[in-house]
Amino acid sequence: MHNQETKQAIKQAYARFIQNNQTCCNGILTPQTISKIAQTIGYTNTQTSAFPEANLHLGCGNPTMFADIQEGDTVLDLGCGAGFDCFLAAEKVGMTGRVIGVDMTQEMIDKANTNTAKTGFKNVEFRLGEIENLPVPDESVDWVISNCVINLSTDKPKVFSEAYRVLRQGGKLQISDIAIVKPIPKDIAKSVQAYIGCISGAEMKDHYAELVEAAGFQNIQIIGSKRFNFQDILEDPSIQAAVQLFGFDIKEINIKSQILEDSIVSVKVAASKN
């Protein structure tokens, strides 16, 4: 499958997710699931309940948790979805700061704008665009954050190059993402469904830092990595409903998750533009 076709398939899948309104607000995700996922990837229950309509539970970490965002900073979120991490960042930057979210799916941007009106934040804006071609001026932000989105890109070197371009001198990159620690089966690696599911597009963990360094970043750290317990997550009926919404075969996912459990980790990556 060509890169453009893969990108279009990703857009359609996440647009369908929004159109079906599969968030905690309509009962698809149970409170038990929300708490389980939140604790696994680094959010507190207070955070997950703060902006429920913006929390789509599609992330693999909490980039705002380990980013030392200060009042007055400008933060850019790559692949902002419905705005959840942007709103958490907005609380940190205060009214003198600014938060920009970029997403390539119009339905996500529309949802994020609706959520912004409900939160009352005046310092948050959302822009339609691709993370490989950011609609953001050179050297205009202090932080670039992202949550389980860069693995979806078909041109990751361009993503990191763009992140470097828009950061000011001294700016920082802080992302949560999916990586693999050993090769995955070829049939999964070639599957567009696995790409949409943040699996087949993931980079080897050891190669991740090399991509970031090639873009010009310094002080690169793989802060930590955490394996997923796929079986615990997939046993929840609400997760099964969400998996089916994306067009996946839940039985096939169950089988392949057993194969993938030792291959996939969530990572936290930090770097700076000096």
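Residue numbers (my numbering): 16 to 289. We put the beta carbon where it would ideally sit given N, CA and C, even for glycine.
Taking buried to mean at least 16 other C-beta atoms within 10 Å of its own C-beta, is ASP192 buried or exposed? Here residue 192 refers to the residue found at position 177 when the sequence shown is read from its first residue. Classification of ASP192: buried, given that the 10 Å Cβ count is 16 or more.
Continuous beta strand (DSSP E) stretch holding SER191: start and end: As a first step, residue 191 must be located in the sequence shown, where it is residue number 176. Start and end: 182 to 195.
Exposed or buried, which one is GLY96 when buried takes at least 16 other CB atoms within 10 Å? Counting from 1 along the sequence shown, the entry for residue 96 is found at position 81. Looking at its Cβ environment, which holds 16 or more other Cβ atoms inside 10 Å, GLY96 is buried.
Quick check: the segment 78 to 91 against the segment 105 to 125, are there 3 or more CB pairs under 8 Å? yes
To the nearest whole angstrom, what separates the beta carbons of ALA237 and VAL282, a pair I think is in contact under 8 Å? On the sequence shown, position 222 is the one that residue 237 refers to. On the sequence shown, position 267 is the one that residue 282 refers to. Rather than Ala, the amino acid found at residue 237 in this sequence is Ile. The pair is a contact, with the Cβ atoms about 6 Å apart (cut-off 8 Å).
For ASN289, which residues in the same chain have their Cβ closer than 6 Å to its Cβ, ignoring the five residues on either side in sequence? Numbered from 1 along the sequence shown, position 274 holds the residue referred to as residue 289. These residues qualify, in order along the chain: GLN233.
Hey, LEU149 and ARG183: beta-carbon distance below 9 Å or not? To locate residue 149, count along the sequence shown from 1; it is residue 134. To locate residue 183, count along the sequence shown from 1; it is residue 168. No. Outside cutoff.
Which residue wins for smallest C-alpha separation from PRO78, given the options ILE195, ALA224, ALA104? In the sequence shown, residue 78 corresponds to position 63, counting from 1. Cα-wise, what sits closest to PRO78 is ALA104.
Looking at ILE165: is its Cβ nearer than 9 Å to the Cβ of GLY74? Position 150 of the sequence shown holds residue 165. Position 59 of the sequence shown holds residue 74. Cβ atoms of ILE165 and GLY74: not closer than 9 Å.
Please list, in chain order, all residues of the same chain as GLY42 whose beta carbon is under 6 Å from its beta carbon, the five residues on each side excluded. The sequence position of residue 42 within the sequence shown is 27, counting from 1. Confidence is the limiting factor: at GLY42 the pLDDT is only 43, short of 50, which leaves the residue's position unreliable and the question unanswerable from this model.
For CYS40, count neighbouring C-beta atoms within 10 Å of its own C-beta (all shown protein chains included) and say buried if the count is 16 or more, exposed if not. What you label residue 40 is simply residue 25 of the sequence shown in a count that begins at 1. Here CYS40 scores only 35 on pLDDT, less than 50, and its place in the model is too uncertain to base an answer on.
Are there 16 or more other CB atoms within 10 angstroms of the CB of ASN162, so buried, or fewer, so exposed? For this step, residue 162 is matched to residue 147 along the sequence shown. Flag for ASN162 reads buried.
May I have the straight-line CA-CA distance separating LEU143 from ASN18, to the nearest angstrom? Along the sequence shown, read from residue 1 onward, the residue named residue 143 stands at position 128. Along the sequence shown, read from residue 1 onward, the residue named residue 18 stands at position 3. One C-alpha to the other measures close to 19 Å.
Specify, as a first and last residue, the run of the beta strand (DSSP E) that ALA285 falls within. Numbered from 1 along the sequence shown, position 270 holds the residue referred to as residue 285. Its beta strand (DSSP E) spans residues 279 to 287.
Inter-residue Cα distance where the pair is VAL108 and GLY135: Here the question's residue 108 lines up with position 93 in the sequence shown. Here the question's residue 135 lines up with position 120 in the sequence shown. Their Cα atoms are separated by approximately 15 Å.
Quick one, are the C-beta atoms of GLU218 and LYS171 less than 9 Å apart? Working through the sequence shown from its first residue, we reach residue 218 at position 203. Working through the sequence shown from its first residue, we reach residue 171 at position 156. Cβ atoms of GLU218 and LYS171: closer than 9 Å.
If distances are taken between C-alpha atoms only, which option among THR120, ASP153, VAL151, GLY76 comes closest to LYS26? As a first step, residue 26 must be located in the sequence shown, where it is residue number 11. When each option's Cα is compared against that of LYS26, the closest is THR120.
Work out the CA separation of ALA132 and ASN138 for me, nearest whole Å. Taking the sequence shown and counting its residues from 1, one reaches residue 138 at position 123. Taking the sequence shown and counting its residues from 1, one reaches residue 132 at position 117. C-alpha separation (whole angstroms): 11 Å.
From ALA65 to GLU122, what does the alpha carbon distance come to, in whole angstroms? Residue numbering aside, residue 65 sits at position 50 when the sequence shown is read from its first letter. Residue numbering aside, residue 122 sits at position 107 when the sequence shown is read from its first letter. Cα-Cα distance, rounded: 22 Å.
Is GLU147 buried or exposed, if buried means 16 or more other CB atoms sit within 10 Å of its CB? On the sequence shown, position 132 is the one that residue 147 refers to. GLU147 comes out buried.
Excluding sequence positions up to five away, which residues of its chain have a Cβ less than 6 Å from the Cβ of CYS101? By one-based count along the sequence shown, residue 101 stands at place 86. If we look at CYS101 and ignore the five residues flanking it on each side, its Cβ neighbours are ASP92, CYS95, VAL114, GLY116, VAL139.
Starting from PHE141, follow the beta strand (DSSP E) in both directions and report where the run begins and ends. Here residue 141 is taken as the residue at index 126 of the sequence shown, counted from 1. From DSSP, the beta strand (DSSP E) with PHE141 extends over 139 to 143.
Residues that ASN148 bridges to, as DSSP identifies them: On the sequence shown, position 133 is the one that residue 148 refers to. Partner(s): GLU145.
DSSP-derived helix/strand/coil call for GLU20: Taking the first residue of the sequence shown as position 1, residue 20 is located at position 5. Reduced to three states, the DSSP call for GLU20 is helix.
Determine the DSSP secondary structure at LEU226, reduced to helix, strand or coil. On the sequence shown, residue 226 is found 211 positions in, with the first residue counted as 1. DSSP places LEU226 in helix when its eight states are reduced to three.
Candidates MET110, SER155, ALA82, ILE195: closest to GLY57 by CA position: For the purposes of this step, residue 57 is taken as residue 42 along the sequence shown, with counting starting at 1. Nearest C-alpha to GLY57: ALA82.
How close, in whole Å, do the beta carbons of ALA285 and LEU188 come, if the pair is a contact with beta carbons under 8 Å? As a first step, residue 285 is located in the sequence shown; it is residue number 270 there, counting from the start. As a first step, residue 188 is located in the sequence shown; it is residue number 173 there, counting from the start. Right, their Cβ atoms sit about 7 Å apart.
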